[in-house]
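Peer 1:
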Ligand code: FE2
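Numbering (the working numbering), first residue to last: 244 to 570.
#1: As a quick check of your reading: which residues have a C-beta less than 5 Å from at least one non-hydrogen atom of the ligand FE2, in chain order?
#2: According to the Cβ coordinates, are residue 402 and residue 460 closer than 8 Å?
#3: What are the complete beta strand (DSSP E) segments, minimum 3 residues, inside the region 244-268?
#4: Using a 10 Å radius around the Cβ and a threshold of 16 neighbouring Cβ atoms, would you call residue 531 buried or exposed?
#5: With a 10 Å radius around its C-beta and 16 neighbouring C-beta atoms as the bar for buried, classify residue 372 as buried or exposed.
#6: Within the same chain, show all residues whose beta-carbon is closer than 7 Å to that of residue 429, passing over the 5 residues directly before and after it, in chain order.
#7: Using only the alpha-carbon positions, how far apart do residue 443 and residue 324 sit?
#8: Excluding sequence positions up to five away, which residues of its chain have a Cβ less than 8 Å from the Cβ of residue 520?
#9: Can you tell me where the beta strand (DSSP E) with residue 319 in it begins and where it stops?
#10: Consult DSSP for residue 276 and reduce its assignment to one of helix, strand or coil.
#11: Excluding the 5 residues flanking residue 301 on each side, which residues of the same chain have their C-beta closer than 7 Å to its C-beta?
#12: The beta strand (DSSP E) with residue 408 in it runs from where to where?
#13: Find out if the Cβ-Cβ distance for the pair residue 303, residue 345 is shorter than 8 Å.
#14: How big is the Cα-Cα spacing for residue 281 and residue 396?
#15: Nearest-angstrom Cα distance between residue 248 and residue 374?
#16: How would you write the range of the alpha helix (DSSP H) that residue 379 sits in, first residue to last?
#17: Whole alpha helix (DSSP H) runs in the region 322-362 with 4 or more residues, listed along the chain?
#18: With distances taken between CB atoms, is the gap from residue 487 to residue 321 smaller than 8 Å?
#19: Check residue 475 in the structure and name its three-state DSSP category.
#20: Taking all protein chains shown into account, do 16 or more other C-beta atoms lie within 10 angstroms of the C-beta of residue 435, making it buried, or fewer, making it exposed?
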């Protein structure tokens, strides 16, 4: 079986094509970059609308197949930005109807976990999913992927992006913050916001900007924000691992490409006698292959969706999905 997956929850429109054995035949993507400010959902949706058809064409070409050879169309059903989700869902429905194959809507957060399980040695991991829009610690327990900890306000990546913009590092500033943080000398005091198993990041942003206004260096701020946020993520992940008694941690989302975060989680894992797994870069960030693969696995387990069930779900919760494909 060959599945084609469309990803479009936020800034990236992605088209992936996979086969039964999780071989990735194509994984094309294009990212919307705002000229200034943050993501404007409607503009991002227009970007996706313009690019989705050419990207599907390119993915088919890369995979060396014709549209008629696709057996299943899958798409990111949520969570995400409404206009982006609707655009991509519409494209998925049109494609599924035009080639006459089934359609499956996929939970985007679960897709990060499933592709990691398919493409790394991890079997039953705790996922630390840290991106712009999402920050969750997820693991399989009692028939569902449960959220063991999550952000109470904004995603950690969103916070880093906002910080980057405010201190003049441009948009999608994560990699620049990582580089600059290496020059930081002082650990400035920032609110360590872990509440139970959940986290909050907007207060850290406010505190960091106040410190900047008071004359703290950009280097010290980048260093301190990273150390504080990544310690929070590592702590919550460790507690989830202890709670569910799992000895694998999987990383997913754009932020986990940060080497300092990887280092902190790897050390925590090592101290627990656990293993850490990081999928390759293109599979960590938002991509169509993870949607294609998760949809394929869902379809294989018997999940079928009528077109009327393919409405988008902006606040689609990870634990809303009945995971029929795992025992
Ligand atoms: Fe994501």
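Don't be surprised by glycine CBs; every beta carbon is placed ideally from N, CA and C. Small disclaimer: the values here were computed from a predicted structure and weren't measured.
Peer 2: The relevant details are as follows:
#1: 374, 529
#2: no
#3: 245-250, 255-262
#4: buried
#5: buried
#6: 463
#7: 20 Å
#8: 359, 363, 364, 365, 368, 491, 492, 493, 494
#9: 315-321
#10: coil
#11: 271
#12: Residue 408 -> not in any beta strand (DSSP E); alpha helix (DSSP H) instead, spanning 399-409.
#13: no
#14: 16 Å
#15: 20 Å
#16: Taken as a continuous stretch (DSSP letters only), residue 379 belongs to no alpha helix (DSSP H), being part of the beta strand (DSSP E) at 378-384.
#17: 325-342, 351-362
#18: no
#19: helix
#20: exposed
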